[in-house]
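Quick note on the numbering used here: the sequence shown kicks off at 48 and runs consecutively.
All C-beta atoms in this analysis are idealised placements derived from N, C-alpha and C, irrespective of residue type, glycine included.
All values derive from a computational prediction rather than experimental measurement.
Heads up, the thing below is written out as structure tokens.
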Amino acid sequence: MDQKSNEMEMAMVHLAKPEINDQTEEYKVYKRRYIMASFFAFSTICSSMMFSTCNPIASVLSAIYEIPTFIISLAANGFLLMHPLLTFVQTFIVNQTDISVSLKIGCALTLLGALIRTATVITERFYTVILGSLVAGMGRPFIINIQANVAKEWFKPEDKTTVMIAFSFIITCSSVFGVIIPGQIFKGYKYETDPDDGKLLTGQLMVIELEIFSAILIPAILFFRPSPPTPPGPINKSRDEFTYLQSLKMTAKNKNFILLFVCYSLLMGGFHALAVVISYLFNPFGFTPSQTSFIQSSPIVCGFVSSVMYSILIRKYHLNHKKIVLFNLIPVLASLGLSYFALMTESLPLVLLCYSVLGFFVIPCIPLQLELACKVLHPINQTIAVGFLLAGVHIWSFVFGEILSLITHDQNKTQAFYGCLLLFLSFLAAAICFSRVKLPKEEEEEENTQVNQSTQEGI
48 MDQKSNEMEM
58 AMVHLAKPEI
68 NDQTEEYKVY
78 KRRYIMASFF
88 AFSTICSSMM
98 FSTCNPIASV
108 LSAIYEIPTF
118 IISLAANGFL
128 LMHPLLTFVQ
138 TFIVNQTDIS
148 VSLKIGCALT
158 LLGALIRTAT
168 VITERFYTVI
178 LGSLVAGMGR
188 PFIINIQANV
198 AKEWFKPEDK
208 TTVMIAFSFI
218 ITCSSVFGVI
228 IPGQIFKGYK
238 YETDPDDGKL
248 LTGQLMVIEL
258 EIFSAILIPA
268 ILFFRPSPPT
278 PPGPINKSRD
288 EFTYLQSLKM
298 TAKNKNFILL
308 FVCYSLLMGG
318 FHALAVVISY
328 LFNPFGFTPS
338 QTSFIQSSPI
348 VCGFVSSVMY
358 SILIRKYHLN
368 HKKIVLFNLI
378 PVLASLGLSY
388 FALMTESLPL
398 VLLCYSVLGF
408 FVIPCIPLQL
418 ELACKVLHPI
428 NQTIAVGFLL
438 AGVHIWSFVF
448 GEILSLITHD
458 QNKTQAFYGC
468 LLLFLSFLAA
478 AICFSRVKLP
488 KEEEEEENTQ
498 VNQSTQEGI
């Protein structure tokens, strides 16, 4: 019922507005589209590195600063929490201005957060790292929420899915760079033998990352261009057709979008939460920080392979997005269900296999679900669809990450079991929610079937 009233409201707004004929516009592909996509991609990498810096060395930092592990996790979880708090502001700004304004704000906040983190060199206190992460987290929605807009406003319609898969892979997997750098800096370090060197290494890590971010984000702030005046295909005109409040109201009434919101939050929120507590799960089984970093990078490598493979298959055979996601969730659940038993064997190859399968099948689901969300919300501005889904991910990542941190804080095998079980249940609930999502074409077919059945009964 809510869905029908939602559609009627959209129709009334369309009647009240002058008709816009997209076909009369001059469509043009710009050579600089790859430069703009590169600015977005590298800005995303910097933001993701801010999130993952402390994750592989969380247990070591807990010993160095003599604070509980869940306080260390606040650097990552607090970063995630900022996304939903700033999403409404970000979507409003994009609705009123342009995606370039959003990206530049996000880059500036990320740089400021990285600068604040370097104060740990002077203070030798971890709270400066947490504060810097919070500031950088405020900039994250201004960067990653515009991915669908960049894909649609700079690339041809037939290239949009491929570009979205590439962007989603980068957003999800770019945290691997934030995992590798601390793993290398702390390689061979042991708190028991070198307690005084830990804070020095932490300060060096923050300074190195600030230098990397400055080299990437300052050019993005200076040279990222506004949306092209003549895009390469039809763009969403909802900024002209709907007010911001109308868009929010119709979004809240869309049942299928709510199901996708819950599914995406549980699925990707669980994936992010796993990254936060992975060292707590692995430590009881004797895995070193360098081994943990290696295992944590395996889903990224496998996700890259599968993303390339799926983008080729979808482009060539026009595969059904919903069926792909449903199929992929089966091996995802299987790998999670077996992960604890692999840890019990303390076998690096078996654990590596489980997490490689997880990354191979879960990462391609990300862009496909984002595209489905844009479809079920059409013609509402896709920044709202993407922004709300990512906000849900960050809310669940924060809540679930803190729950898992509290459960696994003693880092023993029993707590690791409960942590793995909760992760499996989160992914299972996501699969159930997604199976109930109905796309616009499916709803139309179902209504036609019901009409035919009622007609036959009447006859």
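Going by C-alpha to C-alpha distance, which of the options sits closest to residue i?
i, options, result
"residue 91", "215, 120, 107, 108", "215"
"residue 102", "469, 228, 169", "228"
"residue 360", "190, 399, 209", "209"
"residue 436", "376, 425, 420, 246", "420"
"residue 223", "197, 237, 337", "337"
With the cut-off set at 8 Å, would you say residue i and residue j are in Cβ contact?
i, j, result
"residue 353", "residue 225", "no"
"residue 357", "residue 411", "yes"
"residue 449", "residue 192", "no"
"residue 144", "residue 254", "no"
"residue 433", "residue 137", "no"
"residue 341", "residue 220", "no"
"residue 326", "residue 477", "no"
"residue 217", "residue 88", "yes"
"residue 332", "residue 390", "yes"
"residue 183", "residue 161", "yes"
"residue 134", "residue 438", "yes"
"residue 267", "residue 407", "no"
"residue 173", "residue 112", "yes"
Use the C-beta contact count for residue i: other C-beta atoms within 10 angstroms, 16 or more gives buried, fewer gives exposed.
i, result
"residue 44", "Missing from the structure shown is residue 44; the chain here goes from 48 to 506 and no further."
"residue 115", "exposed"
"residue 487", "exposed"
"residue 158", "buried"
"residue 393", "exposed"
"residue 179", "buried"
"residue 269", "exposed"
"residue 430", "buried"
"residue 511", "In the structure displayed, the chain extends from 48 to 506; residue 511 sits before or after that span and is not available."
"residue 322", "buried"
"residue 483", "exposed"
"residue 388", "exposed"
"residue 424", "buried"
"residue 75", "exposed"
"residue 273", "exposed"
"residue 235", "exposed"
"residue 454", "buried"
"residue 459", "exposed"
"residue 249", "buried"
"residue 152", "buried"
"residue 231", "exposed"
"residue 207", "buried"
Provide the residue span of the alpha helix (DSSP H) that contains residue i, from first to last.
i, result
"residue 244", "244 to 270"
"residue 407", "395 to 409"
"residue 354", "336 to 364"
"residue 434", "429 to 454"
"residue 200", "194 to 201"
"residue 235", "Note, residue 235: premise wrong, no alpha helix (DSSP H); not H, not E."
"residue 319", "302 to 329"
"residue 425", "Premise fails: residue 425 is in no alpha helix (DSSP H) and is neither H nor E."
"residue 120", "116 to 143"
"residue 77", "It is not in any alpha helix (DSSP H) - residue 77 carries neither H nor E in the DSSP assignment."
"residue 182", "174 to 191"
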